[in-house]
């Protein structure tokens, strides 16, 4: 709702805390904590429910509100200290200057044009696709799991569906806390996004034909975790594609578009699933999963077209001990170190000619030097 601004500032704050190169690690920790709360939240709510008989939902609601206030105070305490440090630094470097109206208007025109410059439109479309896919997947998986076996479902009960989702939540904690940051660092953000979309695409295609609960659970773990991991990559892509002072603004617009897709996803996928199952029965139960797989392929194609600048943003490429760009960073950024000039290719100077003249001695002088050496010996 109107108060859910955390999803807007989570991207810029992650980059501000850990830097552009390590922001995905912070996003992984946040998503792992989110998986833990999704796993433990229902149990805590059930335990607190009806603790106050007059208002049975008061205790769970107040506990959630208390956690929100605690998070607000912790974030404000950190931001207050950060603002004080920034204020001291800016006070030391601030210089009085007159505002330049022409430069401000030029900056405004450049800001308006950057929305149409590559790769920002592609990144916004990737965020829309990811938002639609993840919420559509959250909606259609339980519908498919509880549907009858005659129409291609698993005929699970509500408790069995809850157990399946809980097992996936445990996997998400491990994946986002340890595996996703390391894999994205090793492969690079673009390649990891492409790999995640490919795995999610394959899982969506195979999932409706799963022979049992165990296989369906594994495929659900892969599809959901990889689709959610795309959100972390999208946040890094957005931060690295725009200047630091405009990250909050661009993330706000991106989240607005993403939220619109998240609102349309569950409604559209539920209606499509009901229509295909009622119209074609068992033959049509997989159509919505194939549609989500097609959206994953579009996401993969967009990720493959992103430039190398979305890997590091405004931060300099990692360097080795000698100050030169390291090999992985040079490969990502498309840099190639120039080979050292050979002796033959190096132009000769006048000092080199003088040195050559000094080294060459006349024959008599050389003989005299040899004789003097023998006599001295």
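Numbering (our numbering), first residue to last: -1 to 375. Positions of the beta carbon are idealized from the N, C-alpha and C atoms, including for glycine.
Spatially closest choice to residue i from the options, by CA coordinates
i: residue 36; options: 161, 143, 123, 178; result: 161
i: residue 167; options: 116, 38, 235, 248; result: 38
i: residue 30; options: 146, 76, 178, 244; result: 178
i: residue 33; options: 310, 163, 157, 214; result: 163
i: residue 13; options: 70, 55, 50, 242; result: 242
i: residue 190; options: 209, 301, 221, 56; result: 301
i: residue 62; options: 43, 289, 132, 72; result: 43
i: residue 209; options: 74, 151, 285; result: 151
i: residue 25; options: 228, 291, 278; result: 228
i: residue 284; options: 277, 271, 276; result: 271
i: residue 18; options: 195, 238, 129; result: 238
i: residue 195; options: 226, 50, 205; result: 226
i: residue 21; options: 70, 197, 56, 233; result: 233
i: residue 137; options: 224, 213, 261; result: 261
i: residue 132; options: 174, 41, 269, 222; result: 222
i: residue 299; options: 193, 214, 269; result: 193
i: residue 292; options: 59, 130, 66; result: 130
i: residue 211; options: 50, 259, 159; result: 159
i: residue 214; options: 46, 41, 139; result: 139
Neighbourhood of residue i by C-beta distance below 6 Å, restricted to the same chain and skipping five residues each side
i: residue 169; result: 219
i: residue 48; result: 54
i: residue 142; result: 151
i: residue 231; result: 187, 191
i: residue 171; result: 30, 33, 34
i: residue 165; result: 215
i: residue 197; result: 220, 224
i: residue 181; result: 190
Burial state of residue i (16 or more Cβ within 10 Å)
i: residue 297; result: buried
i: residue 287; result: buried
i: residue 308; result: buried
i: residue 265; result: exposed
i: residue 114; result: exposed
i: residue 10; result: buried
i: residue 202; result: buried
i: residue 52; result: exposed
i: residue 74; result: exposed
i: residue 76; result: exposed
i: residue 263; result: buried
i: residue 317; result: Reliability fails at residue 317, whose pLDDT of 39 lies under 50, so the model's placement of it is uncertain and no value is given.
i: residue 70; result: exposed
i: residue 41; result: exposed
i: residue 59; result: exposed
i: residue 259; result: buried
Contacting residues, own chain, Cβ-Cβ under 7 Å from residue i (five flanking each side not counted)
i: residue 304; result: 117, 120, 188, 235
i: residue 148; result: 280
i: residue 255; result: 122, 125, 126
i: residue 295; result: 199
i: residue 23; result: 16, 179
i: residue 282; result: 274, 275
i: residue 204; result: 217
i: residue 174; result: 26, 29, 30, 33
i: residue 128; result: 225, 228, 229, 232, 297
Cβ shell of residue i (< 8 Å), same chain only, five flanking positions each side left out
i: residue 6; result: 246, 249, 250, 253
i: residue 153; result: 144, 145, 146, 147
i: residue 134; result: 263, 264, 266, 267, 286, 290
i: residue 216; result: none
i: residue 206; result: 142, 150, 283, 284, 287
Neighbour flag for residue i against chain D, beta carbons, 7 Å
i: residue 45; result: Structure shown: chain D not included; a single protein chain is present.
Could you pull out every unbroken beta strand (DSSP E) segment of at least 3 residues lying fully inside the segment 139 to 181, listed in chain order? none
My parser needs the alpha helix (DSSP H) runs of 4 or more residues fully inside the segment 183 to 238; what are they? 187 to 204
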